[in-house]
Every structure is written in C-alpha cells, then in structure tokens.
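*Asks:* End of the sequence shown sits at 317 in UniProt numbering; the numbers just go up one at a time, nothing left out.
For glycine and all other residues, C-beta sits at the position ideal for the given N, C-alpha and C.
Please see the structure below; I have some questions.
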Amino acid sequence: MISKDISLAVQHLNQNGIIGFPTETVYGLAGNAFDTEAIHKIFEVKKRPTFNPLIVHIKGIEDLTQVATEIPPIAYELANAFWPGPLTLILKKQPYIPDLVTANQDTVAVRVPNHPVALELLHQLDFPLVAPSANPFKSISPTSAEHVENYFGNQINMVLEGGECSAGIESTIIGFENNRVVVYRLGALALEEIEKVSGSVTLLNKKDKKPIAPGMLLKHYAPKTDFILTRNVQEELDWYSDKKIGLLLYNSFMPDFERKNQIVLSEESDLKIAASKLYHAMHKLDKMNLDLIIAERLPEYGLGISINDRLERASKK
Ligand code: AMP
Ligand code: MG
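Structure follows, in structure tokens:
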C-alpha cells in the first residue's frame, strides 16, 4: 500500500515492521537499525545475502556518535559539507550495532538522507533506520513509490510516498584508511566535489578486495531484458538489425530509428539530470517487451563516471 501517512509509517517501524521510504538517492527498504527481527525481514524480502551490509540512516550529524566511534576529523568535515546528502561514510561501529547490519565487520555505513519526508520520519523515531535500496537483489533500483510497490506489494507493511527521487542513483560510499579517503562505491556525489574538501581520493581497486559493498558486485542494477553498453550505438544497431531494440541515450535521439523506443537522459547534456532519470528509464525500457536494450556510454567525468559504473554492471552477464 502506498501512503503519505508518516504517523502510520512510525507505527509500523515501532512494531518490527519494514516499509519502503523515499530518499533523494533511491527508495529504501527501511527497518529499525536496532531491531534484528525487522532487519532479518529486510534481507529475506530483498533476497539479499547476509554478507552484504546495510546503510544506517540518521536524522542529523548530532546522532553520528550513536552509531559510530573513533570518527576522524576529515569525516566530520565531509559530513558537515555534504549532509544531508548522498554521501555515505564507513566508520568504526559502536559495539551494540547488530552484526547483521554490518555483515560482522567492525565498521558501519552511515548517512543523513536529504529528503523532507525521510527526515521528518527520522525525527519522529527514537532509533536510526537501516535501509538498503528497495529492490530485489541485483535488480534495477527504485526511484518512485510505484517501483517499490511493484517489487514487493504485500510483502512489506507500506510504501511511504515521497515523489520521484531527485538524485536518482545511490549514494557515494567512502571510508578512511591511513588518513586517506577511499571510495567504495561511486554514486550521486561526484568525486570532484569530495576532493574539494578532502584533497585527492583513492578508488578502491575492484580486483583486490572482496565485494563488501553489493554496489561493487560485478552484476547489479540489471534489467531483465538483455542489455549492452556501447560508445557506438549505430554500430550495435546495424549488428542487431533483426531484433526489437530499445535505446538508452545520453543527449540526442538516433534520427533513423523509431522514436518511441528511445529514451534520451538529458537533451541539455546535464549529468545531474541524466542521473535522476537513469533508473526510471531502465524500468520503462524493461517493461516494453524488447529483445535488447542498447545503452550509450556517457562522458567520463563528474556523475558520468557513476552512471557508466551502473550501466556497466547492468550489462554484465
Ligand atoms: P544498497 O542500499 O542496497 O545499495 O546497499 C548499501 C550499500 O552500503 C552497500 O553497497 C553496502 O555494502 C554498503 N555498506 C554498508 N555497510 C558497509 C561497510 N561496513 N563497509 C562497506 N560497505 C558497506
Ligand atoms: Mg542496492
């Protein structure tokens, strides 16, 4: 059930329930961060393996020490600069954070979401919320209440309506190692923005670490329809000329191809707008009964890097 009733959401969360809730990145599947019954339900409903830890959502920086400890000064600087917002910090956890939240690691992921409904909800609760994205494991992330309802229906207590997500892709996740900022997952906050505050950051090498962040799994964010990513859309169109094709394009339509099977992410070449429309476009194309979706690679700077990361994972077999 989709509803705008925040007090109903509070009731469910106070009684071991789980709900879909809006954030500026994507919709989350939320439960009380200290309630293992609710957390178990989240893993079950998402079919998410328990080695994948969850992000804890707090109402403000003043609650950070409730969940984390040994917080380095640079973490406070970044939190002050970007919270509420799409930046998740990996920090040493407080001992009472359930192991299920952190996948038995001694670190916890935490952020303050920048969405009025999410913040109002968190203010009315006396606990933080754990919330992975509200989609089945590996499928396309949800950016509207309807997406969540379509995925989970009666398996969850309700979906709190908050409109379409403004950022539209997941948060950027960073940690701190030997006084350096390490990027675990690219996301809605561009690395260039972080570097203005912290100096240069290090990208975690995909090959030398186990995937402790599911966003780092090779296949993720994937539509059911076959999906390929390319720099040269025309070449792929020629190659697959016998198939029913949909196009996911950056800033312009292909002239000699059916318009209704094309989605352009941002005619004004604005990467922020492109990010906000990405999953919505993928959901839409996935529903069109196509044989194949051909996605065009975006420019490799700013949020283009994060969007390409998602497109690459969506295209993995
Ligand atoms: P999701 O909201 O489903 O995209 O998942 C939340 C993201 O936060 C995942 O990529 C998690 O693995 C990541 N995450 C949560 N806790 C940690 C942690 N302690 N260390 C690294 N990544 C984490
Ligand atoms: Mg996810």
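Let's see if you can read the secondary structure: which residues bound the alpha helix (DSSP H) around G304?
*Replies:* The sequence position of residue 304 within the sequence shown is 304, counting from 1. 303–315 is the extent of the alpha helix (DSSP H) around G304.
*Asks:* Which ranges does the alpha helix (DSSP H) cover as unbroken runs of at least 4 residues, wholly within the segment 8–86, from first to last along the chain?
*Replies:* With a minimum length of 4 residues, the continuous alpha helix (DSSP H) runs that stay inside the segment 8–86 are 36–46, 64–67, 73–82.
*Asks:* Using a Cβ-Cβ cut-off of 7 Å (strictly less than) and excluding sequence neighbours within five positions of K41, which residues of its own chain qualify?
*Replies:* Indexing the sequence shown from 1 puts residue 41 at position 41. Here the set comprises I18, G31.
*Asks:* So, for P72: in the same chain, excluding its five sequence neighbours on each side, which residues have a beta-carbon less than 6 Å away from its beta-carbon?
*Replies:* The residue labelled residue 72 in the question sits at position 72 within the sequence shown. Taken in chain order, the residues that qualify are F176.
*Asks:* Would you call N154 buried or exposed, if buried means 16 or more other Cβ atoms sit within 10 Å of its Cβ?
*Replies:* In the sequence shown, residue 154 corresponds to position 154, counting from 1. So N154 ends up on the exposed side.
*Asks:* Between which two residues does the beta strand (DSSP E) containing E170 stretch?
*Replies:* Locating residue 170 in the sequence shown gives position 170, where the first residue counts as 1. Unbroken run through E170: none, as it is neither H nor E.
*Asks:* For the beta strand (DSSP E) that D226 lies in, which residues bound it at each end?
*Replies:* Reading the sequence shown from its first residue, position 226 is the one you call residue 226. That run of the beta strand (DSSP E) goes 226–230.
*Asks:* Tell me the rounded alpha-carbon separation between T102 and I39.
*Replies:* What you label residue 102 is simply residue 102 of the sequence shown in a count that begins at 1. What you label residue 39 is simply residue 39 of the sequence shown in a count that begins at 1. Roughly 11 Å separates the two Cα atoms.
*Asks:* Between A131, P22, P84, which has its C-alpha nearest F43's C-alpha?
*Replies:* For the purposes of this step, residue 43 is taken as residue 43 along the sequence shown, with counting starting at 1. The shortest C-alpha separation from F43 is found at A131.
*Asks:* Quick one, are the C-beta atoms of L248 and L285 less than 8 Å apart?
*Replies:* Counting from 1 along the sequence shown, the entry for residue 248 is found at position 248. Counting from 1 along the sequence shown, the entry for residue 285 is found at position 285. The answer is yes: Cβ separation under 8 Å.
*Asks:* According to the neighbour-count rule (16 or more other Cβ atoms, all chains shown, within 10 Å of its Cβ), is F82 buried or exposed?
*Replies:* Residue 82 sits at position 82 when you count from the first residue of the sequence shown. Answer is buried; the Cβ neighbour count reaches 16.
*Asks:* Check whether the Cβ of residue 365 lies closer than 7 Å to any heavy atom of the ligand MG, and answer yes or no.
*Replies:* For the chain, the structure presents residues 1 to 317; residue 365 sits outside this window and is missing.
*Asks:* Could you pull the start and end residues of the beta strand (DSSP E) that I263 belongs to?
*Replies:* One-based indexing of the sequence shown puts residue 263 at position 263. From DSSP, the beta strand (DSSP E) with I263 extends over 262–264.
*Asks:* From T202 to Y184, what distance separates their C-alpha atoms?
*Replies:* Translated into the one-based positions of the sequence shown, residue 202 becomes position 202. Translated into the one-based positions of the sequence shown, residue 184 becomes position 184. Distance between the alpha carbons of T202 and Y184: 9 Å.
*Asks:* Where DSSP assigns a beta bridge to G175, which residues make up the other side?
*Replies:* Taking the sequence shown and counting its residues from 1, one reaches residue 175 at position 175. BP columns for G175 point to V182.
*Asks:* Rounded to a whole number of angstroms, what is the C-alpha to C-alpha distance between R48 and F34?
*Replies:* One-based indexing of the sequence shown puts residue 48 at position 48. One-based indexing of the sequence shown puts residue 34 at position 34. R48 and F34: Cα-Cα distance of roughly 19 Å.
*Asks:* For E24, which residues in the same chain have their Cβ closer than 7 Å to its Cβ, ignoring the five residues on either side in sequence?
*Replies:* Mapped onto the sequence shown, residue 24 falls at position 24. Once the five neighbours on either side are set aside, the close Cβ partners of E24 are P86, P113, N114, H115, C165, S166, A167.
*Asks:* Given a threshold of 16 other Cβ atoms within 10 Å of its Cβ, counted over all protein chains shown, does N157 qualify as buried or as exposed?
*Replies:* By one-based count along the sequence shown, residue 157 stands at place 157. It counts as buried.
*Asks:* Sort out for me which residues DSSP pairs A295 with in a bridge.
*Replies:* For the purposes of this step, residue 295 is identified with residue 295 of the sequence shown, where counting begins at 1. According to DSSP, A295 bridges with L229, L248.
*Asks:* Would M282 be called buried (16 or more neighbouring beta carbons within 10 Å of its own) or exposed?
*Replies:* As a position in the sequence shown, residue 282 is number 282, starting the count at 1. M282 comes out buried.
*Asks:* Buried or exposed: where does T143 fall if 16 or more other Cβ atoms within 10 Å of its Cβ makes it buried?
*Replies:* For the purposes of this step, residue 143 is taken as residue 143 along the sequence shown, with counting starting at 1. Per the 10 Å Cβ criterion, buried.
*Asks:* Between D270 and Q15, what straight-line distance do the alpha-carbon atoms span, to the nearest angstrom?
*Replies:* Translated into the one-based positions of the sequence shown, residue 270 becomes position 270. Translated into the one-based positions of the sequence shown, residue 15 becomes position 15. Approximately 43 Å, taken between the alpha carbons.
*Asks:* Any idea what DSSP makes of S198, helix, strand or coil?
*Replies:* For the purposes of this step, residue 198 is identified with residue 198 of the sequence shown, where counting begins at 1. In this structure, S198 counts as helix in the three-state DSSP scheme.
*Asks:* Could you compute how far the alpha carbon of D126 sits from the alpha carbon of Q11?
*Replies:* Along the sequence shown, read from residue 1 onward, the residue named residue 126 stands at position 126. Along the sequence shown, read from residue 1 onward, the residue named residue 11 stands at position 11. The straight-line gap from Cα to Cα measures roughly 12 Å.
*Asks:* Between D5, A222, F51, M288, which has its C-alpha nearest A118's C-alpha?
*Replies:* Along the sequence shown, read from residue 1 onward, the residue named residue 118 stands at position 118. Comparing Cα positions, the closest option is D5.
*Asks:* Taking 7 Å as the line, does the beta carbon of N289 fall inside it for any heavy atom of the ligand ADP?
*Replies:* Among the ligands modelled here, namely the ligand AMP and the ligand MG, the ligand ADP does not occur.
*Asks:* Give me the Cβ distance between V108 and T88, rounded to the nearest whole Å; I'm assuming they're in contact under 8 Å.
*Replies:* Residue numbering aside, residue 108 sits at position 108 when the sequence shown is read from its first letter. Residue numbering aside, residue 88 sits at position 88 when the sequence shown is read from its first letter. Not really, about 10 Å apart at Cβ, beyond 8 Å.
*Asks:* For S141, does the count of other Cβ atoms within 10 angstroms reach 16, so buried, or fall short, so exposed?
*Replies:* By one-based count along the sequence shown, residue 141 stands at place 141. That one is buried.
*Asks:* Whose C-alpha, out of L290, M288, K287, K277, is nearest the C-alpha of R310?
*Replies:* Here residue 310 corresponds to residue number 310 of the sequence shown, with the count starting at 1. Closest option to R310, Cα to Cα, is K277.
*Asks:* Just to confirm my understanding: we take E312, look at its own chain, exclude 5 residues before and 5 after, and list those with CB closer than 7 Å. What are they?
*Replies:* Here residue 312 corresponds to residue number 312 of the sequence shown, with the count starting at 1. These residues qualify, in order along the chain: L229.
*Asks:* Could you tell me the distance, in whole angstroms, from the CA atom of H57 to the CA atom of P128?
*Replies:* The residue given as residue 57 occupies position 57 in the sequence shown. The residue given as residue 128 occupies position 128 in the sequence shown. Straight-line Cα distance between these residues: approximately 6 Å.
*Asks:* Pop quiz: Y279 and A145 are said to be a contact at Cβ under 8 Å. What is the actual Cβ separation, rounded to whole angstroms?
*Replies:* Start at 1 with the first residue of the sequence shown, and residue 279 comes out as number 279. Start at 1 with the first residue of the sequence shown, and residue 145 comes out as number 145. Contact flag wrong, Cβ pair sits at about 14 Å.
*Asks:* Since V233 contacts S252 with CB under 8 Å, what's their CB separation in whole angstroms?
*Replies:* Sequence index remark: in the sequence shown, residue 233 carries index 233 (1-based). Sequence index remark: in the sequence shown, residue 252 carries index 252 (1-based). Not quite, the Cβ-Cβ distance comes to about 10 Å (not below 8 Å), so this is no contact.
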